[in-house]
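For reference, the structure is listed below as structure tokens.
2 protein chains.
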Amino acid sequence: MGSQFTNVLESLESKYFNPLDPEDFRHKAHKAVDFIADYYKTVQTYPVLSQVHPGYLKNRLPDTPPDTPESFDTILSDIQNHIIPGITHWLSPNFFAYFPASVNSAGFLGEMLCTCFNSVGFNWVASPAATELEMVVMDWLAFMLHLPKSFMFSGSGGGVLQSTTSESVLCTLVAARDRVLNEIGMEHIGKLVVYGSDQTHSMFKKVCKLAGIHPWNIRSVSTRVEDEFSLSPHVLQKVIAADVEQRLVPLYLCVTVGTTSTTAVDPVKHLADVAKRYNMWVHIDAAYGGNACICPEYRHFLDGVEKVDSVSLSPHKWLLSYAECCCLWTKNPDLLVDSLRTNPEYLRNEHTESDSVVSYKDWQIGTSRRFKSIRLWVILRSYGVENLQNHIRTDIRMAITFERLVSSDVKFEIVVPRRFSLVCFRLKQLNGFDTESMNRKLLERVNSTGRVYLTHTVVGGIYMLRFVVGATLTEEWHVIKAWEVIKEVVNTMVNEYEWKST
Amino acid sequence: MGSQFTNVLESLESKYFNPLDPEDFRHKAHKAVDFIADYYKTVQTYPVLSQVHPGYLKNRLPDTPPDTPESFDTILSDIQNHIIPGITHWLSPNFFAYFPASVNSAGFLGEMLCTCFNSVGFNWVASPAATELEMVVMDWLAFMLHLPKSFMFSGSGGGVLQSTTSESVLCTLVAARDRVLNEIGMEHIGKLVVYGSDQTHSMFKKVCKLAGIHPWNIRSVSTRVEDEFSLSPHVLQKVIAADVEQRLVPLYLCVTVGTTSTTAVDPVKHLADVAKRYNMWVHIDAAYGGNACICPEYRHFLDGVEKVDSVSLSPHKWLLSYAECCCLWTKNPDLLVDSLRTNPEYLRNEHTESDSVVSYKDWQIGTSRRFKSIRLWVILRSYGVENLQNHIRTDIRMAITFERLVSSDVKFEIVVPRRFSLVCFRLKQLNGFDTESMNRKLLERVNSTGRVYLTHTVVGGIYMLRFVVGATLTEEWHVIKAWEVIKEVVNTMVNEYEWKST
Numbered sequence: 000m001g002s003q004f005t006n007v008l009e010s011l012e013s014k015y016f017n018p019l020d021p022e023d024f025r026h027k028a029h030k031a032v033d034f035i036a037d038y039y040k041t042v043q044t045y046p047v048l049s050q051v052h053p054g055y056l057k058n059r060l061p062d063t064p065p066d067t068p069e070s071f072d073t074i075l076s077d078i079q080n081h082i083i084p085g086i087t088h089w090l091s092p093n094f095f096a097y098f099p100a101s102v103n104s105a106g107f108l109g110e111m112l113c114t115c116f117n118s119v120g121f122n123w124v125a126s127p128a129a130t131e132l133e134m135v136v137m138d139w140l141a142f143m144l145h146l147p148k149s150f151m152f153s154g155s156g157g158g159v160l161q162s163t164t165s166e167s168v169l170c171t172l173v174a175a176r177d178r179v180l181n182e183i184g185m186e187h188i189g190k191l192v193v194y195g196s197d198q199t200h201s202m203f204k205k206v207c208k209l210a211g212i213h214p215w216n217i218r219s220v221s222t223r224v225e226d227e228f229s230l231s232p233h234v235l236q237k238v239i240a241a242d243v244e245q246r247l248v249p250l251y252l253c254v255t256v257g258t259t260s261t262t263a264v265d266p267v268k269h270l271a272d273v274a275k276r277y278n279m280w281v282h283i284d285a286a287y288g289g290n291a292c293i294c295p296e297y298r299h300f301l302d303g304v305e306k307v308d309s310v311s312l313s314p315h316k317w318l319l320s321y322a323e324c325c326c327l328w329t330k331n332p333d334l335l336v337d338s339l340r341t342n343p344e345y346l347r348n349e350h351t352e353s354d355s356v357v358s359y360k361d362w363q364i365g366t367s368r369r370f371k372s373i374r375l376w377v378i379l380r381s382y383g384v385e386n387l388q389n390h391i392r393t394d395i396r397m398a399i400t401f402e403r404l405v406s407s408d409v410k411f412e413i414v415v416p417r418r419f420s421l422v423c424f425r426l427k428q429l430n431g432f433d434t435e436s437m438n439r440k441l442l443e444r445v446n447s448t449g450r451v452y453l454t455h456t457v458v459g460g461i462y463m464l465r466f467v468v469g470a471t472l473t474e475e476w477h478v479i480k481a482w483e484v485i486k487e488v489v490n491t492m493v494n495e496y497e498w499k500s501t
Numbered sequence: 000m001g002s003q004f005t006n007v008l009e010s011l012e013s014k015y016f017n018p019l020d021p022e023d024f025r026h027k028a029h030k031a032v033d034f035i036a037d038y039y040k041t042v043q044t045y046p047v048l049s050q051v052h053p054g055y056l057k058n059r060l061p062d063t064p065p066d067t068p069e070s071f072d073t074i075l076s077d078i079q080n081h082i083i084p085g086i087t088h089w090l091s092p093n094f095f096a097y098f099p100a101s102v103n104s105a106g107f108l109g110e111m112l113c114t115c116f117n118s119v120g121f122n123w124v125a126s127p128a129a130t131e132l133e134m135v136v137m138d139w140l141a142f143m144l145h146l147p148k149s150f151m152f153s154g155s156g157g158g159v160l161q162s163t164t165s166e167s168v169l170c171t172l173v174a175a176r177d178r179v180l181n182e183i184g185m186e187h188i189g190k191l192v193v194y195g196s197d198q199t200h201s202m203f204k205k206v207c208k209l210a211g212i213h214p215w216n217i218r219s220v221s222t223r224v225e226d227e228f229s230l231s232p233h234v235l236q237k238v239i240a241a242d243v244e245q246r247l248v249p250l251y252l253c254v255t256v257g258t259t260s261t262t263a264v265d266p267v268k269h270l271a272d273v274a275k276r277y278n279m280w281v282h283i284d285a286a287y288g289g290n291a292c293i294c295p296e297y298r299h300f301l302d303g304v305e306k307v308d309s310v311s312l313s314p315h316k317w318l319l320s321y322a323e324c325c326c327l328w329t330k331n332p333d334l335l336v337d338s339l340r341t342n343p344e345y346l347r348n349e350h351t352e353s354d355s356v357v358s359y360k361d362w363q364i365g366t367s368r369r370f371k372s373i374r375l376w377v378i379l380r381s382y383g384v385e386n387l388q389n390h391i392r393t394d395i396r397m398a399i400t401f402e403r404l405v406s407s408d409v410k411f412e413i414v415v416p417r418r419f420s421l422v423c424f425r426l427k428q429l430n431g432f433d434t435e436s437m438n439r440k441l442l443e444r445v446n447s448t449g450r451v452y453l454t455h456t457v458v459g460g461i462y463m464l465r466f467v468v469g470a471t472l473t474e475e476w477h478v479i480k481a482w483e484v485i486k487e488v489v490n491t492m493v494n495e496y497e498w499k500s501t
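These protein sequence lines are chains P and G, in that order. Sequential numbering from 0 applies to the first sequence in numbering that gives the first Met the number 0. Sequential numbering from 0 applies to the second sequence in numbering that gives the first Met the number 0.
Structure (structure tokens):
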């Protein structure tokens, strides 16, 4: 080292703060693994729905951060004593609410590797493996779903990992919007109309408003119980025709395969036929239901996909990925990039300039992105396609068990036919008492036991309970026990009601 | 178990697919920890910039996923042989590009715990601890930054964890937009004008277009070298006044504390004074520079923050969090929620109905969200405020070392005064050769050694090299060695050029 450095070096303190000593990391991370494995072993002993009251945590933690370090043991003990009581245990085998989160060892290992490299792959050169593995994995999943080549990199399209369906819809909607506005002029943004059904996920309206679509121009087409709450192509046609007559411009249709409330499936092919008459962008939101389409017997729900422009599906919902993981495929990557491209000098390099590589920052909202594909890659390889299909089928079989239990009890009814692993059911009318308030009470009492957690919905004016099988640790006996908890609560209620009505 | 279940049970296969056996998880996760610790130990032996060519991975991996399981050992060996060669090692101590990613043991442990619970905390009841810990941590960080109470839950505002600055800007921009459109009418969206400088991050234009702002109405106010590329309040005032004269409506100003190219700092206080004359929403993008403001000696860069509406800062850039972690605080949570609220039946519960709790899904774009606050909480507690300040100061001291080395060499010049841990420098004019192409060649050659990675930018027409200290494993000797690599390359080039010019 040359003498010119001596002064510089002497002027610096010798002590550096190095918070990534590999041996310290190794020691503590092993400790964390044991903590987590023990949690997974005991998770079913906790109340599945947290029983704390709003504001519980504030009084247990200091108002300000510590000035000096605290030990990892202290932190783990605080997690055990203060955090875990406030957790609603999504991993509990007794979790049947919302759509459960499907987790697993391989997904966890994939997360660890994603974190390990912390590759911020906004463009190819920033981490070639991150970009290229994502392209491979997206094509693998497209293959599993029998998507047409037009959605694959090995064909003329491609896929990208987003965090949420909202982001997938926003990115494709904006691509569709800009294509049309480039033709008719930006000043006509107020004329653009988007379409979904009254069962389309609530994010749709929010995302459309984010993109500057006039709230009056967001159509939630009514569905009917006779159609099992799916969007009718005939009704859609009429709604669009009326808009066109008003000189509005039909822009985007969101078709759902597996709605959140009841897992209704919109008829993709016929809806796409209608929308394509008006040159609309058609997107399939298959966040939950699409996962089942890796099984040949459910693939027909995607029939007609070759006619649409984009499809999204969330493996974090049912294909063993931890949150946040939403797959988006499109036939029109160029349109996505036209709308979402940035080209700052500090990210330019020979590869991006020659257009020879994918820059995933131009396929999403943000600039930074994690190395998410490695998680999916580890999952797909660790289990293989057959086991993943088996996983979907096992969950559906357990849902059928629950469905049969409900059907065999005269006090209950199945409200909407089951399609996947969700059963929509309710207590029937009893002694003249209000059905909705009885079912509300049932839900509240069942959840307050902490032994099982389910949620509700209202569709077509009917209040119903939702029981979804999907938590990874759930086995059939958990389903049967859940039903017993429900029956116990109902029996208590029946006694109370009989007492009241006498 | 009642006899009515017997048939149902017999009709089911007895084998369940359970991919989360706690002991299997424990075994493999320990293996992953060792793999990762070993990677951290050896990361500096890899070429920091990946040396692969586009398409390298496709030919190394099968076109389709396996039907049956592969072992974790096989997968780890593929990661070693096929993935690691394609990785640009953001964790390498020789990484001085972009803004490096600051990682650490505590952040990793926090990630593991976030993954462990996989709490999808879209609203309070879905995981009370996830919501309440986020509120605590956001107030802790606000306290560390001396933000006014008006940005804290303990005051009248609050904070939320986003994934990226883009999302923070999109959410606040839409809140600002809707407030104004509610007054002047949605049909006037084409009149809204937003303001940044020519140094504002490239995401700004993209996000504004996403939100339906007319591309013509996105102002990139020119900065000057005399102002060190910061936005001049005087010039801004003139630009806004001209727009108002055209009957346009000033909406939103994005002020930057630490621009990406040169870490320029816009004068918050004076710019806010100008913008507030026009009732605009003022946002501070302090993604990188804001992290330094936890040290009292840098806090003045946020002076005037009490006048703005929102601030965002990314701990994944410099405060030891893994990607994706962007903190957003606002004085106006109600306006954010007004624009971003969804209220589907299936997520309703007594707490959301009574408005007694925060529903973080209404503070962000998507519905799902990870339990990110636990990562930051573990970091803040494991190191304490003093060490985090020490971390910032250490990086800046190392940047000063590099700055002095550059200054001491007559062939080089510092192009923009250093503010934080970024040094912008270049080779001076040499023997009549073109400065820009010489510096381009220098960068290309330095990076192709694999011994160090830095990037470039162009500001005010000047091509310059960026050297940022921030990778966690970097110690002073890495900085000195990097400078030696640069000098070696320059000496070779000087010899070549002298040969050419004779």
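Backbone N, C-alpha and C define an ideal beta-carbon position, used for all residues, glycine too.
Contact with chain G is found for Leu472(P), since one of that chain's Cβ atoms lies less than 7 Å from the residue's Cβ. For Thr87(P), the closest Cβ of chain G is nearer than 7 Å. Taking 8 Å as the upper bound on Cβ-Cβ separation, chain G lies near residues Glu110, Met111, Leu112, Thr114, Cys115, Phe116, Asn117, Ser118, Val119, Trp123, Val124, Ala125, Ser126, Pro127, Ala128, Ala129 of the segment 109-129 of chain P. Scanning its chain for C-beta atoms nearer than 7 Å, with the 5 sequence neighbours on each side dropped, one finds around Ser367(G) the residues Val119, Phe121, in chain order. Cα atoms of Pro92(G) and Glu22(P): separation of roughly 17 Å, rounded to the nearest angstrom. Counting of Cβ neighbours within 10 angstroms places Lys371(G) among the buried residues, the total reaching 16 or more. Here Ser309(G) carries a strand assignment [DSSP, helix/strand/coil]. In the displayed model, Cys294(G) falls within coil according to three-state DSSP, outside both helix and strand.
Boundaries of the alpha helix (DSSP H) around Asp177(G): 164-183.
If you draw a straight line from the Cα of Ser126(P) to the Cα of His213(G), it is about 34 Å long.
Sequence-ordered contacts of the segment 327-346 of chain P with chain G read Ser338, Leu339, Arg340, Thr341, Asn342, Pro343, Glu344, Tyr345, Leu346 [C-beta pairs closer than 9 Å]. In terms of beta-carbon proximity, Glu323(G) lines the interface with chain P, with at least one pair separated by less than 7 Å. Take Ser149(G), set aside five residues on each side of it, and the residues of its chain with a beta-carbon closer than 8 Å to its own are Ser155, Gly156, Glu305, Lys330, in chain order. In terms of Cα proximity to Leu453(P), the closest of Ile83(P), Gly459(P), Ile461(P), Leu442(P) is Leu442(P). Minimum Cα-Cα distance from His315(P) among the listed residues Trp89(P), Leu180(P), Tyr359(P) corresponds to Trp89(P). Between the alpha carbons of Leu252(G) and Ser309(P) lies a distance of about 34 Å. Annotated as distal: Trp123(G) and Val489(G), with beta-carbon spacing of 7 Å or more. Look at Thr366(G) here: in three-state DSSP terms it is coil, with no helix or strand label. Beyond the five residues adjoining it in sequence on each side, Met151(P) comes within less than 8 Å, by CB distance, of Met137, Asp138, Ala141, Phe142, Gly157, Gly158, Trp328 in the same chain, given in chain order. Secondary structure note for Gln50(P): it is in no alpha helix (DSSP H), with a DSSP letter that is neither H nor E. Sequence-distant Cβ neighbours of Leu429(P) in its own chain, meaning closer than 8 Å and more than five residues away, are Lys410, Met437, Val493, Tyr496.
The DSSP-derived three-state label of Val224(P) is helix. Pairwise C-beta distances place the segment 247-262 of chain G in contact with the segment 165-179 of chain G, as three or more of them are shorter than 8 Å.
Separation of Ser70(P) and His233(G) (C-alpha to C-alpha, rounded to the nearest whole angstrom) is 51 Å. For Gly211(G), the nearest CB of chain P lies under 7 Å from its own CB, placing it at the interface with that chain.
Boundaries for Phe432(P): no beta strand (DSSP E) harbours it, and the DSSP string shows neither H nor E there.
When 9 Å is used as the limit between beta carbons, Thr491(G) is near no residue of chain P, the shortest such separation being about 18 Å.
Its Cα nearest to that of Leu60(G), the residue Met134(P) stands out among Asn58(P), Phe300(P), Thr41(P), Met134(P). Burial is judged here by how many other beta carbons sit within 10 angstroms of a residue's own beta carbon; Lys360(P) has at least 16 and is buried. Within a 10 Å sphere around the beta-carbon of Trp317(G) sit 16 or more other beta-carbons, which makes this residue buried.
Contact annotation: Leu387(P) and Cys292(P) have beta-carbon atoms that are not nearer than 7 Å. In the same chain as Leu334(G), and ignoring 5 residues on each side of it, the C-beta atoms closer than 7 Å to its own belong to Ala174, Arg178, in chain order. For Asp394(P), no beta strand (DSSP E) encloses it; the enclosing alpha helix (DSSP H) starts and ends at 372-406. Assignment of beta-bridge partners to Gln161(P) by DSSP yields Cys325(P). With its beta carbon at least 7 Å from every one in chain G, Val310(P) lies outside the interface. If you look at Asp333(G), you'll find it in the alpha helix (DSSP H) that goes 332-339.
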